[in-house]
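Take 1260 as the starting number for the sequence shown in this note's numbering and just add one per residue. Yeah, the Cβ is synthetic: ideal placement off N, Cα and C, and Gly gets one too. Remarks on the structure that follows.
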Amino acid sequence: MIGVAGLPVVDHHCHLSPAGEGARAAARFRDAGGTHLFLATQNYEGTVPTDLEAYRRQFETTERLARQVREIAGVVAYVVVAPYPIDLLGAATHLGTEAALELHLRALDLAGRWVRERRAVALGEVGWPHFEVDPALAAAARTAFGHALEVAHDVGCPAVVHSPDLDAAGWEELAGAARKAGLPPHRLVKHYARTRRPAGIAPDVVPSYLARRELVDAVCDEAGPWFLETDFLDDPRRPGAVLDLATVPRRAVAAARASAGVGDRLAIPFVRSVQEVYGLTPELGGR
Ligand SMILES: [Zn+2]
1260 MIGVAGLPVV DHHCHLSPAG EGARAAARFR DAGGTHLFLA TQNYEGTVPT
1310 DLEAYRRQFE TTERLARQVR EIAGVVAYVV VAPYPIDLLG AATHLGTEAA
1360 LELHLRALDL AGRWVRERRA VALGEVGWPH FEVDPALAAA ARTAFGHALE
1410 VAHDVGCPAV VHSPDLDAAG WEELAGAARK AGLPPHRLVK HYARTRRPAG
1460 IAPDVVPSYL ARRELVDAVC DEAGPWFLET DFLDDPRRPG AVLDLATVPR
1510 RAVAAARASA GVGDRLAIPF VRSVQEVYGL TPELGGR
């Protein structure tokens, strides 16, 4: 493992798919300097899961991909599992809202068991739709999110949140939801943060910033914890979306070249934030 400027290089949120590049994408990540990634589960079968067995299969696929990433690319992949919040909407059209919600809650319980058994390091993605939905479904999504935070609290792990872009009130609401569930706010990570969190707002909730150049430059002086991510989807129909998996190491190399001081700041997203939020220490030795 090479890393950048003596540091591990961590992509905090990506997806891989057996139908896409899979572990070969992780090899590109490694060749650019990447060492660790957080691999979030996704729906691999092209249909929304309508029973718990489908979620079990899905999580097992993620686990298998993580193993391949390590074996083939020599990159450490931390597994993150949960039923995708938008699944609730698709399942409701098949099962009705009530049964879909029940399935979603049980799938969150299953994800919690995976964390307890150390097969996963966090729940994710959990949250609510990033678009307008009808009130009954919106209420069900809120119930599901509340349950996700309770499970995270019970098993003692972070929750990685999928949500619309947040304004100041949205960030504060997230902090409030964590407090209500008894979850320390620094265990709550807002994934796909596309703008800098307003200064002084919900300082404990953790942003995982999309690794666009301007945003990386803008957030580099934040105290942390914060992360960088690509949200790489590994979808053959959307190659390189949201950002290509090589992006985080490329940004790290560019930042380290620009100035040694900026390079040092990268210890925040790549080491210290992982320690503070996950209790894990990424090392160049491959752990
Ligand atoms: Zn994602």
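Judged by the Cβ position, residue 1418 fails to qualify as a neighbour of ligand 1 at the 7 Å threshold, every heavy atom of the ligand being at least this far.
The Cβ atoms of residue 1420 and residue 1447 lie closer than 8 Å to each other. Taking the CA atoms as reference points, residue 1535 sits about 31 Å from residue 1303.
Non-local C-beta neighbours of residue 1460 in its own chain, meaning closer than 8 Å and more than five positions away in sequence, comprise 1427, 1430 and 1431, ordered along the chain. Remark: C-beta atoms of residue 1470 and residue 1487 approach each other more closely than 8 Å. Proximity of the stretch 1357 to 1370 to the stretch 1336 to 1347 meets the contact definition, three or more beta-carbon pairs being nearer than 8 Å.
When Cβ pairs closer than 8 Å are counted between the two stretches, the stretch 1499 to 1512 is seen to touch the stretch 1263 to 1281, the count reaching three or more. DSSP places residue 1487 within a strand segment (E or B) once states are collapsed to three. Rounded to whole angstroms, residue 1369 and residue 1315 show a C-alpha spacing of 8 Å. At a Cβ-Cβ threshold of 8 Å, residue 1385 and residue 1359 do not count as neighbours.
Taking 7 Å as the cut-off, one finds at least one heavy atom of ligand 1 near enough to the beta carbon of residue 1490.
Residue 1477 places its beta carbon 8 Å or farther from that of residue 1453. Here the alpha carbon of residue 1332 sits roughly 42 Å from the alpha carbon of residue 1355.
Cα atoms of residue 1285 and residue 1502: separation of roughly 14 Å, rounded to the nearest angstrom.
The C-beta separation of residue 1276 from residue 1413 comes to about 30 Å, leaving the pair out of contact by the 8 Å criterion. For the stretch 1437 to 1500, the full-length beta strand (DSSP E) segments reaching 3 residues or more read 1447 to 1452, 1465 to 1469 and 1486 to 1488 along the chain. When rounded, the separation of the alpha-carbon atoms in residue 1481 and residue 1403 is 31 Å. Only residues of its own chain outside the window of five on either side were considered, and among them 1468 have a CB closer than 6 Å to the CB of residue 1474, listed in chain order. The C-alpha of residue 1400 lies about 10 Å from the C-alpha of residue 1407.
Burial of residue 1409 is indicated by the presence of at least 16 other C-beta atoms within 10 angstroms of its C-beta.
Residue 1540 sits exposed, since fewer than 16 C-beta atoms from the chains shown fall within 10 Å of its C-beta. Going by C-alpha positions, residue 1411 is about 9 Å away from residue 1440. For residue 1265, there is no enclosing alpha helix (DSSP H), as DSSP marks it with neither H nor E.
One thing to note: residue 1293 has its Cβ no nearer than 8 Å to the Cβ of residue 1328. The Cβ atoms of residue 1274 and residue 1491 sit closer than 8 Å to each other. Only buried fits residue 1346, as 16 or more other CB atoms lie within 10 angstroms of its CB. Taken in chain order, the complete beta strand (DSSP E) segments of 3 residues or longer contained in the stretch 1274 to 1337 are 1295 to 1299.
About 6 Å separates the beta carbon of residue 1338 from that of residue 1322, a gap short enough to meet the 8 Å contact definition. With fewer than 16 other CB atoms across the displayed protein chains lying within 10 angstroms of its CB, residue 1306 is exposed.
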